Structure formats: C-alpha cells, structure tokens
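The structure under discussion appears below in the form of structure tokens.
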Ligand code: EPS
C-alpha cells in the first residue's frame, strides 16, 4: 500500500485532523518536530489577525509509541483556537445557525460560487470554510513526519521566496548559494527572502497593498539536496515524479503555476543551452552535471542533482477593498463579501510547499525502497546505493 494521507476540518470548526498511513515502524518522531513546521507556516510579514489567535500545535493521537512510529496509521489533531468564537455559528447539530455569518456574496477568485452551485449550498460559508488555506496546517503536519523519514537518509529540503508582488528576490540563488546558506538566510528573514535589500522593497510593497485594501502574490522556490538517482519512473504517466510534484504543489490554495529547473525560461533558449551535459567523476564513481537546468529531474526520474521547484501564488482573493460580485439570492449586483484576510501569504505557502514536496518524495522513496521497518528500508537503500556505485 502506498504512503497516503487524508485531512478533515473546517477553518473555524473545532479542529483539523489528519491520518497518515504507510510509514515504516521505528521512525523517531516528536510532537515538537511537527510543531516546528507548523510554526514556520504561521510566520511571514503580511499575515492577518488570525495568526495572532492561532498557535498551531499537533497532538499525536495514534500510531506512535515511545517516540517512534509503530507502522500503524498515525492520527494527528490540530485544534482551532478561533473555534471558541465560532462555536455557535459552526455548531454540528443546531439546525438554525442564525444569519450572523451567512455568506451570499461570492468573492471573485475564491471557491465560493463554483462550490456553492456544485454542492447546492446557498450559504457560501459551507464552501469557504473548507476551501480556506487553514487546511494546509494539516498537510504541513503530514509532511513534517515524512520530512523526518527523508532526514534519516540525509535528504534536506530548503525553501525561500524569489518574488513578491513583482519584486525580484535578487540573486540567482539556486546556482549562487548552497542550500545550507539559503536555509540560513531564509529562516532569518520575515519574508523568507535571502536578499535583505529585496526584502525591504517587498515589505514596502506589502504596506502599500495593505493601505489600498489589496493583496499580493509571489513565487517561492524549493530545493532538495541529497536525493538518490532513481526516484519516480519514466514508464507510466502517473509514476513520473515531475507530474506528481506539480500536483502536490498545484493543489495548495492559490497556486497558479509550477516550474521545474529552468521551467518556462527554457522557451527562450536553444536546446544546446538548456540541456545539462553529463560528466563522470572517476574518483567518487558518480555521474554529474555542471549545470542543473533540468532541476534534478529527467524523464520523470531523479538524476541525483538537486531538485529545484518553483510555484507562483496569486494575490489572495479576499480583499478589504471588495470587487464586483452578485448576490446569489437576489441576483443583484453586490460587492464581494469582506472576510478577515492576509495581505500576502507567499512565505507561508513556501513552507507548505516544502512539506507537501517532502510527502511526495517520501512516497516515491518508499515505493523504490519499501520495507515495513526503518531498518529494512535502510538495508534496501544501502543495497541500491552499492548497485549504483558499481553501475
Ligand atoms: C483564509 C483566511 C484567513 C487566514 C486563513 C486563510 O483566516 P480567517 O478567515 O479566520 O481570518 O488567516 O489562514 C489560516 C487560518 C491559516 O492557518 O493559514 C482563507 O480564507 O483562506
């Protein structure tokens, strides 16, 4: 059975829950390690009032004993602190919930209208509560566990912001800086931007957006170092790792595009300028490339170079300055609903990206090396590494 997870939970409901199944036994995991990723997701200049309310903490309910995974499904719960203010409005049993927070004015760009029509809900809150990016806390929790699995094999994931509201992140970091240096600078920055000059300009842009009741999007980059050659496969469309990573990233709320390596930039170059030439290091018995325009993936298979992924997040669709919309009851023009919102959440989206990428990589890793215990997985991995050296 492949590694899998499911999440449930509404943004202002009682809690978010997630079940992760398919991890081997014997993997050390602590709640604090999951909470660290949850806290990283909550940071970032430009977040709104909700982040002052929530301090996400995961509670492990099942699947872990004595600090290690059992091999059984892992169940986690993240309480919504804001629930205390929404208990009556989000009540599970009460059939008259009142009109206090009913939404009849769909926000352009949000799931409100399409979801309302599809599920036949005339209170669009029934859509926005689940469409909300609050759900990503649960995805990050699942990803945080798989990150531990990857770390056991010295696979490291780093992320940073490369564009915010059209302001460029500066240096071509994927080639100019080591992943360690990127992580160091990005963790020290409020916007997860490695260039302090660019960051300052981005902050100015966020303040400007806030003043006009507007929102901003941007681009984040994820780099994964230490991956073995051979994750994913060329043989079937749904086994190609590039496609699977793109799906994981595209499914994050508000993501509108994904690139791998040189990505869209390849369109402006000759093939001879794009493809990474192959060399062999006789001393270390390994193939290598001097460039990495492929972003670590060829034919849907990892090639041993760093994985480089980028995703673009559109400006958030909830605006303090609402756009034209239509009242779904009267069908009269109306300004879209104003909900509390963030000005930008691209730094948070980058952290979510790191963790969903971790999950997809762990899935591919377990497919390749299998094993019901960490010990068995390590043995299989070492055997393959030996085979690769002798290739
Ligand atoms: C969100 C709206 C805001 C964000 C929220 C996503 O929440 P609220 O409507 O409660 O103010 O803060 O993000 C989170 C709660 C989170 O944990 O990331 C939306 O509509 O998508």
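Numbering (our numbering), first residue to last: -4 to 386.
Virtual Cβ for every residue (Gly too), placed ideally from N, Cα, C.
It should be emphasised that the depicted structure is a prediction, and the values quoted were computed from it without experimental measurement.
Considering only residues of the same chain and omitting the five flanking positions on each side of residue 347, which have a CB-CB separation below 7 Å? Answer for residue 347: 36, 131, 134, 135 and 247, listed in chain order.
Can you tell me the Cα-Cα spacing of residue 1 and residue 259, whole angstroms? 32 Å
So, at 7 Å on beta carbons, what are the nonlocal neighbours of residue 387 in its own chain, with the 5 sequence-adjacent residues on each side left out? This structure cannot speak to residue 387, because the chain is shown only from -4 to 386.
Here's a check: name, in chain order, each residue in its chain whose Cβ is nearer than 6 Å to the Cβ of residue 324, leaving out the five neighbours to either side. 99
So what's residue 357 in DSSP terms, helix, strand or just coil? helix
Candidates 79, 59, 172 and 80, of which the one nearest residue 70 by Cα: Considering only alpha carbons, the answer is 59.
For residue 330, the first and last residue of its enclosing beta strand (DSSP E): 328 to 330
Among 295, 333, 386 and 310, which residue has its Cα nearest to the Cα of residue 359? 295
Taking 7 Å as the cut-off, is the C-beta of residue 107 nearer than that to any heavy atom in the ligand EPS? no
Exposed or buried, what is residue 397 when buried is set at 16 or more other beta-carbons lying within 10 Å of its beta-carbon? Residue 397 is absent from the structure shown; the chain starts at -4 and stops at 386.
Taking the straight line between their C-alpha atoms, what separation do you get for residue 194 and residue 156? 9 Å
When we look at the beta-carbon of residue 85 and count the other beta-carbons within 10 Å, is it buried (16 or more) or exposed? buried
Looking only at DSSP bridge pairs, what is residue 155 linked to? 216
Could you have a look at residue 1 and say whether DSSP puts it in helix, strand or coil? strand
Is DSSP giving residue 265 helix, strand or coil here? coil
Measuring alpha carbon to alpha carbon, tell me which residue in 83, 87 and 101 is nearest residue 93. Checking every option, the nearest Cα to that of residue 93 belongs to 83.
Beta carbon of residue 331 nearer than 8 Å to that of residue 317: In this structure, residue 317 lies closer than 8 Å to residue 331 by Cβ.
If you draw a straight line from the C-alpha of residue 374 to the C-alpha of residue 141, how long is it? Their Cα atoms are separated by approximately 19 Å.
Grouping DSSP H, G and I as helix and E and B as strand, with all else coil, what is residue 51? Three-state result, residue 51: coil.
Whole angstroms is fine: what's the gap from residue 76's alpha carbon to residue 50's? 8 Å
Among 305, 378 and 284, the one whose alpha carbon lies nearest that of residue 253: 305
Write down every uninterrupted run of the beta strand (DSSP E) in the segment 87 to 170 whose length is 3 residues or greater and which is fully enclosed by it, in chain order. Counting only runs of 3 or more, we get 151 to 159.
Less than 8 Å between C-beta atoms, sequence neighbours within five positions excluded: which residues of the same chain meet that for residue 380? 223
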